[in-house]
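Step one of this worksheet: look at the structure below.
Numbering (mature numbering (1 follows the signal peptide of the UniProt record, and there is no 0)), first residue to last: -16 to -1, 1 to 582.
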């Protein structure tokens, strides 16, 4: 049996090539020692100093420091307690008179539409069929006179901003500025021209029945599933559907999620005045949002939202979802018309250009960074702005709660991304190189004689790269290019490899035990060649398809004796996480990866 033992000598990194066509997900395993990573801890100190400087007017923050209160926390898998972030920062505005006098992770804020991601979690864990039409539960919407074809709108579409329905009913029309409309040339209207409920400055909030009756008279914005249309009432509707099915109020449905996660201060507004961050500007603290609470009327804290994001990042069963369900939840649902923005359920997914996050990024070589996916949800209420965000590939999240000035959130969030993402990448690379890069070698005697195999792995750019692979003196790495041409190249002749073969984690891990009783983890990785398009043409448009990232279509295509040629298995100590060896099943190395699986 050949066992691949990691040698201490490291292979020098070769010249990197562009990495913007790589498998989605982590390029290297998530870092596990952020609290010990000096570079990352220095970044947190830098962010703290920058915020201190902004709030003491040493630098321009872009907001009125007398009015702005803020709580921000970094959520991570290393947390000792789900409700306590890895790092947190708080500032209580000097102008605050009402509410809490001591700002900490338990202080309450209005979180606006961050409520939507919590309501979506309630829906996902409810067990209802997301493809049921809303009319299955709200029978009054199944009305032939309705301008909206409600029978074609599903719970899934409502939760993903894809129902094509209006954002609000009543709310967002301001009766108290009707004179201003008239001054601008609009015709005079009698009060009878307005809806009977929900008009700010004219009448009260809509009852459930008034809302459902009114929705029969509203116009659709777009066909269902055609493009995202932001809608608050979509969340009211699917919550009413859940209530109709379960006989539970929204507050009771909310408790099914918040109780297991110890989110004791997440509740429909109004919250607790003595715990509240109440800004000294016009605000909506104390408002009863009624049936609109699922889409934007919750109160929460940094502690509660930290627990919520930690459960998502860790795929915790306390969330009430399986890891597969959580993975599905974090996928995009629609485009926005921008190459950098996508819509989820109800995530607002942002993929900024790498050079915006990594100052050292070089687009030509791909060195210095890569595209990072930010799954965020923004929220706003009068006087408040909130945001939660996941950087799932690094296993971290951000919670940002502000009161007093909406502009503060964007500036602070961008500052946090610009400081933390390069440090997260640095910590990831340091761990990746320390654990995975090196030379692996094995030797054994078989019926055909002595077999010797050597494999070299280096950190190249932002990814691991297989820099050498030989079996009994034969250069297997060079042979992979020939095998590509002889197999896949037969029907994709225009696609060629550059000779650079990268390794990416597959997200598949199995438990095992070695012969000596050592418990191990067998971690699957996949070998992915860098591809180029050989377009030998004089037709116009040459090179356009070269920007189409299709490498994902070629995973697990080449086999040798029932074993995939692109599957590599790192064997790790289950206790320490240290890499013990490397198994190449397609070469029949018989390494530690063949240990008995528990």
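Heads up, the beta-carbon is just placed ideally off N, CA and C, and yes, glycines get one too.
What you are looking at is a predicted structure, and each value in this text was computed from that prediction instead of being measured.
Contact holds between the region 100 to 114 and the region 126 to 144, because three or more Cβ pairs, one in each stretch, are under 8 Å apart.
Pairing residue 373 with residue 358, the inter-Cα distance amounts to about 6 Å. Excluding sequence positions up to five before and after residue 209, its CB lies within less than 7 Å of the CB of 141 and 146, all in the same chain and listed in chain order. Residues 266, 267 and 268 of the same chain have their beta carbon placed closer than 7 Å to that of residue 366, with the five preceding and five following residues left out of the count.
If you look at residue 468, you'll find it in the alpha helix (DSSP H) that goes 460 to 470. As for any beta strand (DSSP E) of minimum length 3 sitting wholly inside the region 332 to 394, the runs are 332 to 334, 358 to 365, 368 to 375 and 380 to 387, ordered along the chain.
Between the alpha carbons of residue 411 and residue 289 lies a distance of about 25 Å. With respect to residue 211, residue 318 sits close: the two C-beta atoms are nearer than 8 Å. By the criterion of a C-beta distance shorter than 6 Å, residue 379 is surrounded in its chain by 14, 61 and 297, once the five residues flanking it on both sides are discounted. Exposure of residue 33 is indicated by the presence of fewer than 16 other C-beta atoms within 10 angstroms of its C-beta. Within the same chain, 104, 143, 144, 313 and 317 come within 7 Å of residue 329 by CB-CB distance, once the 5 residues on both sides are set aside. Look at the beta carbons and you see the region 275 to 289 touching the region 244 to 261: at least three pairs across the two are nearer than 8 Å. Residue 73: member of the beta strand (DSSP E) spanning 71 to 75, first to last residue.
Between the C-alpha atoms of residue 391 and residue 472 there is a straight-line separation of about 53 Å. DSSP, reduced to helix, strand and coil, places residue 330 outside both helices and strands of the structure shown, so it counts as coil. By alpha-carbon distance to residue 300, the top candidate from 56, 66 and 47 is 66. Linking residue 561 to residue 302 through their CA atoms gives a straight-line distance of about 25 Å. In the three-state DSSP reduction, residue 509 falls in the strand class (E or B). Its Cα nearest to that of residue 517, the residue 535 stands out among 214, 195 and 535. With contact defined as three or more Cβ pairs closer than 8 Å, the region 394 to 413 and the region 45 to 62 are in contact. When Cβ pairs closer than 8 Å are counted between the two stretches, the region 553 to 572 is seen to touch the region 503 to 523, the count reaching three or more.
In the DSSP assignment, the residues bridged to residue 252 are 282. When secondary structure is reduced to three states using DSSP, residue 495 falls in the strand class. Between the C-alpha atoms of residue 420 and residue 441 there is a straight-line separation of about 7 Å.
Residues of the same chain with a CB within less than 7 Å of the CB of residue 192, apart from the 5 flanking positions on each side, are 224 and 275 in chain order. Going by DSSP, residue 229 is part of the alpha helix (DSSP H) stretching over 217 to 230. The Cβ atoms of residue 341 and residue 405 lie closer than 8 Å to each other. Inclusion of residue 217 and residue 206 in the CB contact set at 8 Å is not warranted, their separation being larger than that value. Between residue 508 and residue 528 a beta carbon distance of about 34 Å is seen, past the 8 Å cut, so the two are scored as non-contacting. When DSSP reads this structure, residue 557 sits in a beta bridge with 504.
For the options 167, 164, 165 and 159, the alpha carbon positioned closest to that of residue 176 is the one of 159.
For a cut-off of 8 Å, the C-beta gap from residue 200 to residue 122 is around 11 Å, too long to register as a contact. In this structure, the beta-carbon distance from residue 345 to residue 94 does not fall below 8 Å. Straight across, the Cα-Cα distance linking residue 459 with residue 27 is about 43 Å.
Around residue 47, the same chain offers 389, 391 and 392 as residues with beta carbons nearer than 6 Å, after the five sequence neighbours per side are excluded.
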